[in-house]
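Here's the structure we're looking at; comments come further down.
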Amino acid sequence: MKTVQLMIVKKELDLLKKHLKDSNLSDYNKTQLLAELDSAMVVKESELPDDAVCIGSEVEIQEVVTGKKYTFQIVLPAEANMKVNKMSVFAPIGTALLGYRAGSEVQWEMPDGLKTFSILKVSHQNK
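When you line the sequence shown up against this note's numbering, it's residues 15 to 141, in that order.
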């Protein structure tokens with residue numbers, strides 16, 4: 015799997031770093047997330063590419079092994095509601111995708127094991 019540099023805005027970087035400090039993520043995910051955040055390219059919101067995942071993005075992903083597709087919007091925890099496909103940024107897959115771009119593959123330890131996801135499409139309602 016190719017390593018891709020994350021592109022992230024400062025307020026979301028700070029939010030993830032705080033979450034990392036206070037979270038109960040697995041050691042694998044903490045190590046991976048810390049390495050990704052330390053090497054992330056911090057950009058202004060206006061400079062964030064249209065296909066980069068951020069809070070508010072609608073994302074279509076596909077699990078590589080099963081081919082199953084999922085579409086949801088990444089939101090702050092208070093707005094999360096999977097009945098209307100709104101995933102918390104702090105849910106394992108929400109945290110895993112933040113900062114990646116369409117076309118990337120992301121590997122993350124989920125509650126049921128290590129999974130690889132392809133990011134098929136990213137769109138922004140507020141851009």
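Beta carbons are placed, not taken as given, at the ideal position from N, Cα and C, and that holds for glycine.
It should be emphasised that the depicted structure is a prediction, and the values quoted were computed from it without experimental measurement.
With a CB to CB cut of under 7 Å and the five nearest residues on each side skipped, what residues in its chain are close to residue i?
i: Glu123; result: Ser40, Tyr42, Asn43
i: Lys35; result: none
i: Asn26; result: The residue you asked about is not Asn; residue 26 is Glu in the sequence shown. Excluding residues within five positions, the ones whose Cβ falls inside 7 Å are Cys68, Ile69, Leu112.
i: Lys31; result: Leu51
i: Ala110; result: Val120, Trp122
Starting from residue i, trace the alpha helix (DSSP H) in both directions and tell me its first and last residue.
i: Gly108; result: 106-111
i: Gln46; result: 41-52
i: Glu142; result: Residue 142 lies beyond the range of the chain shown here (15 to 141); nothing can be said about it.
Can you name the start and end residues of the beta strand (DSSP E) that residue i belongs to?
i: Leu8; result: This structure cannot settle anything about residue 8, because the visible part of the chain is limited to 15 through 141.
i: Tyr84; result: 83-89
i: Glu74; result: 71-77
i: Lys100; result: 100-102
Assuming residue i contacts residue j (C-beta within less than 8 Å), just tell me the rounded distance between them.
i: Ile133; j: Val57; result: Not a contact, Cβ separation roughly 18 Å.
Please return the same chain residues whose Cβ sits closer than 6 Å to the Cβ of residue i, not counting the five positions on each side in sequence.
i: Val136; result: Asp65, Val67, Ser71, Val73, Ala116
i: Gln76; result: Lys83, Ser132, Leu134
i: Gly108; result: Ile88, Met101, Ser102
i: Val128; result: Position check: residue 128 holds Leu in this sequence, whereas Val was assumed. Nothing meets the Cβ criterion.
Sorted by chain position, which residues of the same chain lie with C-beta nearer than 8 Å to residue i's C-beta, five sequence neighbours on each side aside?
i: Met96; result: Phe86
i: Tyr114; result: Val18, Leu20, Ala66, Val67, Val120, Ile133
Segment contact flag, the region 54-64 with the region 80-89, C-beta cutoff 8 Å, min 3 pairs: Output reads no: the region 80-89 does not touch the region 54-64.
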